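Take 1 as the starting number for the sequence shown in UniProt numbering and just add one per residue.
Some notes on the structure that comes next.
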Amino acid sequence: MAEVGRRAAAAAAAAGVEASTAAAALPIAPPPPRRRAAARPPPPSAAFLPSLPPALLLLPADLLLLVLRLLPAAALAHAARTCRRLLALAHAAAAPLLAASPTAPRRGESLLSAYAFASAFASLPPPTLCAGQYHALWVVGAKLHASGGHAGSTHLLGLADGRRHAAFAPPAAASPLHRLQVTQVAAGARHALCLAASGEVWTFGHNDLGQLGRADADASREWPPAVAWRGGARLVAAGAFCSLLATRRGALLGFGSNAYGELRAAAPAVLRAAAPLCRRRALAAAAGRAHVVWLSPRGEAFARGRDTHAQCAGGGGRVALPARGVRVACGNNHSVALLEDGRVFAWGCDEAGQCGGGGGRVAAALRVGGVAVGVAAGYAHTLVLVEEEGGGGERWVVSLGWAKQGQCALRVRRRGLRQVAAGGCASFVEVEGEGGAPPRLLSCGGGAELCYAQCGQGEPRGGGWVCPPGWARREEQ
1 MAEVGRRAAA AAAAAGVEAS TAAAALPIAP PPPRRRAAAR PPPPSAAFLP SLPPALLLLP
61 ADLLLLVLRL LPAAALAHAA RTCRRLLALA HAAAAPLLAA SPTAPRRGES LLSAYAFASA
121 FASLPPPTLC AGQYHALWVV GAKLHASGGH AGSTHLLGLA DGRRHAAFAP PAAASPLHRL
181 QVTQVAAGAR HALCLAASGE VWTFGHNDLG QLGRADADAS REWPPAVAWR GGARLVAAGA
241 FCSLLATRRG ALLGFGSNAY GELRAAAPAV LRAAAPLCRR RALAAAAGRA HVVWLSPRGE
301 AFARGRDTHA QCAGGGGRVA LPARGVRVAC GNNHSVALLE DGRVFAWGCD EAGQCGGGGG
361 RVAAALRVGG VAVGVAAGYA HTLVLVEEEG GGGERWVVSL GWAKQGQCAL RVRRRGLRQV
421 AAGGCASFVE VEGEGGAPPR LLSCGGGAEL CYAQCGQGEP RGGGWVCPPG WARREEQ
């Protein structure tokens, strides 16, 4: 049997050699070129987000949905374009935020584009730091703290002690604000508003023009804290002599000075009770000396009031912006808008350079060297909080405008800068505490007409200050 096998193998080998020799002698046409297969999309991978490994795509839908809800808007949109399964889950991840957001999509807009806008608005913290002409308010751990005051002030700070404070102090036990859980604050020239967690709006300070929303009018005294609105509010804002609030349904109301129709057209010069400002809902609002700017739920900007310096973009009405707005701020005679893509535009008075050399009726872009994440406006200066491209890095403050009182001296660059605030001639930036420590404030500015006790003179104590000699600056613990 073994011999038979060897013979069969030898015969097969000889036949193979002969066949291959004969085939080599015959003219054989070259094989037709192969058609290149259509490029297939790469399999779902972690290219759209390094922190999402491909193995997570094998998770059940409910678990993967939880992961997608943690993604930023840009990563979520890229994930939706990568895989059909992720597309459906991305829509499901965006739905809860859109349902709870006060923003509204534009006509014909995709769900993910609307989610990007809502995400940009939700990423900005509520205003828990503000400054007026003579005082500043700061919320730490849902508790109100106030600083400043002037000679003869009694209830300007709402602390129930009738004293000026060189450092931020909480309300005294006798104050009704002592146990109040505060979520937002706003300051006018000589009055202030606090939004409680319950939705109530508290006001205190001067009420000579009805800016506290009370029927009493006595310019010779300051009024203690009291509730001005119980209907449930979502945001508060203050101008020099007026106050704004938006209800939880989005209706924008105002009370106070209406000398230029900034609160309501064809109305008395003083409104001592909350009156509707516009028929549309409001996403954000701000007020200056005699003008008001607000954003619709679709991010459109509108202005009303005095327009002597084009702070209402030429007569009031809609303000032309290249993208949707998420925040607005008003100075004495200029206006600023923060857009969803991180750009900042300003219009109005630019006599001191507070609009970056632009100004006028047409909103002009401010060059800030990064992505803006916050804006504030004082009497004649503008503050922009900027972070590096991509986020997660250092932040710095860009200051523009009048700087004779040192209000543009916040030249600090570091991690943990949260928000900025501007008073008449003072500037503030909140710094995140390290290792569980409470946040701190860096402040600068002041002046004879702006009695900020907390901006006193002295040498800087850390914080990366770069200030000209003699300017007011201080790091507040």
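Even for Gly, the Cβ is constructed at its ideal location relative to N, Cα and C.
Only a predicted model underlies this, so the values are computations on that prediction, with no experimental measurement involved.
Query                                                                                                                                : Result
Complete alpha helix (DSSP H) runs within the region 65-126 (minimum length 4 residues, chain order)                                 : 73-82, 84-100 and 111-122
Beta-carbon contacts of Leu-66 that lie in its chain and below 7 angstroms, excluding the five residues immediately before and after : none
Contact set for Ala-377: own chain, Cβ-Cβ below 8 angstroms, skip 5 residues either direction                                        : Ala-286, Gly-288, Ala-329, Cys-330, Gly-331, His-334, Ser-335, Val-336, Gln-354, Leu-383 and Ala-422
Counterpart residues of Ser-147 in DSSP-defined beta bridges                                                                         : Ala-136
Check whether His-309 and Cys-278 have beta carbons under 7 angstroms apart                                                          : no
Environment of Val-412 [buried if 16+ CB atoms lie within 10 Å]                                                                      : buried
The region 401-411 in contact with the region 363-370 per 3-pair CB rule at 8 angstroms                                              : no
His-178, DSSP secondary structure in three states                                                                                    : coil
Unbroken beta strand (DSSP E) run spanning Glu-432, endpoints                                                                        : Counting along the chain, Glu-432 falls outside any beta strand (DSSP E), and DSSP gives it neither H nor E.
Nearest neighbour of Gly-199, chosen from Leu-235, Arg-343 and Glu-351 [CA to CA]                                                    : Leu-235
Buried versus exposed call for Leu-63 [16 or more other C-beta atoms within 10 Å across all chains shown]                            : exposed
Own chain residues within Cβ distance below 6 angstroms of Arg-304, not counting five before or after                                : Glu-262, Val-292 and Gly-316
Buried/exposed call for Leu-70, threshold 16 Cβ in 10 Å                                                                              : exposed
Helix, strand or coil at Arg-36 [DSSP, three-state]                                                                                  : In this predicted model, Arg-36 has a pLDDT of only 48, less than 50, meaning its place in the structure is not dependable enough to derive any value.
Collapsed DSSP secondary structure at Leu-212 in the structure displayed                                                             : coil
Asn-207 versus Gly-424 - alpha carbon distance                                                                                       : 19 angstroms
Beta-carbon contacts of Leu-87 that lie in its chain and below 6 angstroms, excluding the five residues immediately before and after : Ala-80
Identified DSSP bridge partners for Arg-281                                                                                          : Ala-251
Nearest to Ala-173 (by Cα), restricted to the options Ser-296, Glu-388 and Ala-160                                                   : Ala-160
Given 8 angstroms, three or more beta-carbon pairs between the region 384-403 and the region 433-440                                 : no
Val-140 versus Pro-170: straight-line alpha-carbon distance, rounded                                                                 : 10 angstroms
Coil, strand or helix - Leu-63 by DSSP                                                                                               : helix
Residue environment, Ala-251, which counts as buried when at least 16 other CB atoms sit within 10 Å                                 : buried
Per DSSP, the bridge partner or partners of Ala-352                                                                                  : Ala-352 pairs with nothing; no bridge assigned.
Pairwise C-alpha distance: Gly-158 and Gly-369                                                                                       : 39 angstroms
Coarse secondary structure for Val-201, derived from DSSP in three states                                                            : strand
Where Ala-437 falls: helix, strand or coil (DSSP)                                                                                    : coil
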